[in-house]
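Heads up: the structure comes next, in structure tokens.
Encoded structure:
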């Protein structure tokens, strides 16, 4: 019995204090308070509130000579009241009611085990679809999993292997360059499936150097009928050019010891049914018609004739294994003079060779001719390409064998000084004309072929996103395909978009939807249990399991586009990555043996079968981003439909909303009418259920006494703002995240802390309406409100460093009021946004300026840490007229950096001596002589003086012979020289050039040392060699 009373007392002890209760005279039970507090009141799962200590009330009564006892618990307990059996002793009655509280109530509710002990895990939490199972370590960054890649169903087909003709859907690819002199040949894509309208009207920007943009516009152009003969010609054309430009037209070589064989021999190349389409050139300056006449069949026939000619060139002698020489009969022109150049298949005038297309016999690749080298011939000793000597001049050829990733905008950006990127250095080849086969096609076709890998990669990604949208099958609103593509693209892809923007929005939406569902579904559960259940459902392990159950891992794009590994139909890979994982299928089963935590495992690189390692957390992030994409593109209805498709059914019953409002109306007899009306005027909103507003401003410590006339006993209130705070927190989180998503395209949302919300509550006088019963809390609120008032009225508008920390209760009532308005408006999120927009606008509007400034600093390659010192206080975005504070992270706490005005350092040409913002000049800078020492010293000096980090630019020279540097011959063929630029606040820009070195890092060290020497001359620092 004594234990029963102890348990009853321990039910209401705060979980952060050690329990020490006296039971049955001298006996003490210590150390169990935390466990039973978690089980009974649930404070262990709630955020701690030092201004509220929950207490139980034992009320003894006597009737007919027997003693009884009732136990009343605070409003955040698992139950509110219980009456024990009557007995002959008042002390025994107290024991019995405590036993009944544990045995009949808490045990039945599942809060205590059969031994009347609390559970140590969340096994008894509220569960629903999507949260009842979890995988060990799933959803973490450390865990890596092997997954396959989904095949694009829109590219499937078998028509290439059928003997009959086919009707294919045609889509024109039109190229427009921002530099008018450049011209490209238009192409048409032919495939069996019809593309979605979003894809068929897509415009893809390709970033070429130097600072050139080519826009490729996709447009549908009906259907095209192809005969069986035309299909074979089109296939051969595609095989010749894709293999000739990005691969080789033969296998084997003399150096490898393998017999050289031409790709287009007697056996035809096999086309995979999983990727089947044609890319054909169009006639110049003509539109596409449904008859197919616009296809440039002259170019296709020319490529076929060249392929037939090459079969003769590569006829193999079985004994020698070497290619036989071409017969002179093959050349149409046998007389050669100074005006003509004899090639392998014909002779061309010299004036016609420039910008012509040729095929090299000795390496099996396609080139374009740049010029004729008249002063060099094959008689010169440096060129030993062919055994036979020729007297004709060599041809200077341009290589186009290495396609680039043209989708990345980083190729287009210059440095912060506005200097344009230099054109990529081209490696030219010199070959005898006798080893070249002329192909009568325009170089515009070759230029377009160079763009096609990047275009097709983007189109395949869009088709994959469209395929996922079809599987989700939400037809009420068409979600933009670009949002879905963004949701399945990680930062590893190095694209201009990624799921990082959509992920916070999806997380906030999940949090909001689950909060609404749990609040209405479980009206008797306190905030701690609701928060634990919500966290269990939206944690990464649960989202990972939901994502893999829908095979989202196959849709995720987690590696940058590598054009060397991209293959067109009919193209043979010259960079194979054979599969070594032992899985024969394209999809990898979800098994523990295909997971690892080894650091050496490379993430994101797929093998030829499409298997790649992926971080487990990436799948959970993709789920959140996908929810955000549907919310941004289709609103709340689309997002809830997607959540249900994932396996979480959170349908909200309207009856539960009505019951929540009715339950709040039971407290209407506690209303203080004048107080409520004044608060409604502050909010500019009239509540239909006044009890909701009363509950929203009632602290758990407020024990207003009311008289029960039937029993003549005093009982505490049965409500507080804690449940509404749980709901309102998710509401404000969603509203703010959505605002930042719509307002900032390149910068993620900031973190709004309790300090921000407390300032809003104080400036709108919400603290005056708070109902609480704590004297300490009253003093803290008064101190904080006074400090805010002095800050607003003083001349100095900047936030003082000595401002007291805001009581959390001020932020809580702002969130609880938001939850109350949401329920009162029947969960009309738009109405809540309209009411809270004027309240939050000072913070949001001022934060926009900070985020825009952050974006500018990042574009200038200037970080916060280099502009401002770090602070140890809680990160926040505090709003004043002249001072901004911005967090660096969108989910977690980080350091705040006050940005005063425009902190970007400017140049002052009038000053001849650099002036740095430092208390003592000069300062001693230790510098190490080994590699990396000068750069480290320069970076440390900039950090001390809060300067932006220096910008290094490298110039490279390539040589054909080993470099002799300072009289010593080196094994290197490249020479580097670094130029460093340092922006000094309130002074000029220092630009210094280092010495020539054979290594990039040592060249940067040389330039950094020169900068330090210049700063030493200006008496800014003193160098000390270590």
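In my numbering, the protein residues as written are 11 to 1036. Beta carbons: idealized from backbone N, C-alpha and C, even for Gly.
Each residue's CA atom was taken as its position, placing residue 185 and residue 1031 some 55 Å apart. Ranked by Cα distance from residue 945, the first of 578, 961, 304 and 732 is 961. Bridge pairing for residue 81: 68 and 92 [DSSP].
Approximately 14 Å separates the beta-carbon atoms of residue 624 and residue 633; this is outside 8 Å, ruling out the contact.
Put simply, the backbone Cα of residue 980 is about 6 Å away from that of residue 973. Looking from the CA of residue 454, the closest CA among 586, 306 and 591 belongs to 306. Of the candidates 160, 673 and 151, the residue whose Cα lies closest to the Cα of residue 616 is 160. Distance check between residue 950 and each of 474, 1022 and 532 places 1022 closest, using alpha-carbon atoms only. Residue 227 carries a strand assignment under DSSP once its states are collapsed to helix, strand and coil. Its chain contains 692 and 849 as the residues whose beta carbon lies nearer than 7 Å to that of residue 774, once the 5 sequence neighbours on both sides are disregarded; these appear in chain order.
Linking residue 314 to residue 224 through their CA atoms gives a straight-line distance of about 30 Å. Note that the C-beta distance between residue 1008 and residue 984 is below 8 Å. Residue environment: residue 232 is assigned as exposed (fewer than 16 neighbouring CB atoms within 10 Å of its CB, all protein chains considered). Contact between residue 205 and residue 178 does not hold, since their C-beta atoms are separated by about 12 Å, which reaches or exceeds 8 Å. Classified as exposed, residue 268 has fewer than 16 neighbouring CB atoms from the shown chains inside 10 Å of its CB. By the criterion of a C-beta distance shorter than 7 Å, residue 525 is surrounded in its chain by 544, 736, 737 and 740, once the five residues flanking it on both sides are discounted. Between residue 667 and the set 198, 528, 818 and 373, the nearest pair of CA atoms involves 528. When secondary structure is reduced to three states using DSSP, residue 655 falls in the helix class. The C-beta of residue 112 has 16 or more other C-beta atoms within 10 Å across all chains shown, which makes the residue buried. One Cα belongs to residue 192, the other to residue 458, and the distance between them is close to 11 Å. Collapsing the DSSP output to three states places residue 567 in a strand.
For residue 237, the number of other beta carbons within 10 angstroms of its own is below 16, and it is reported as exposed.
The segment 551-567 and the segment 147-160 touch, with no fewer than 3 CB-CB distances between them shorter than 8 Å. In this structure, DSSP gives residue 438 an extended state, which the three-state scheme calls strand.
Secondary structure note for residue 159: it is in no beta strand (DSSP E), with a DSSP letter that is neither H nor E. Taking 8 Å as the cut-off, the beta carbon of residue 447 is found closer than this to the beta carbon of residue 320.
Bounds of any alpha helix (DSSP H) do not take in residue 1007, whose DSSP letter is neither H nor E. A Cβ-Cβ separation of about 15 Å leaves residue 361 out of contact with residue 406 under the 8 Å criterion. Residue pairing by DSSP places residue 367 opposite 378 and 449 in a beta bridge. One alpha carbon belongs to residue 959, the other to residue 1002, and they sit about 15 Å apart. For residue 122, the CB contacts under 7 Å within the same chain, skipping 5 residues up- and downstream, are 49, 112, 116 and 128 in chain order. The beta carbon of residue 734 sits closer than 7 Å to those of 705, 706, 826, 829 and 830, all from its chain and outside the five residues before and after it, given in chain order. Here residue 595 carries a coil assignment [DSSP, helix/strand/coil]. Here residue 352 is buried, its C-beta having at least 16 other C-beta atoms within 10 Å. Taking C-beta separations shorter than 7 Å and ignoring five residues to either side along the sequence, the partners of residue 652 in its chain run 482, 484, 636, 637 and 640, following chain order.
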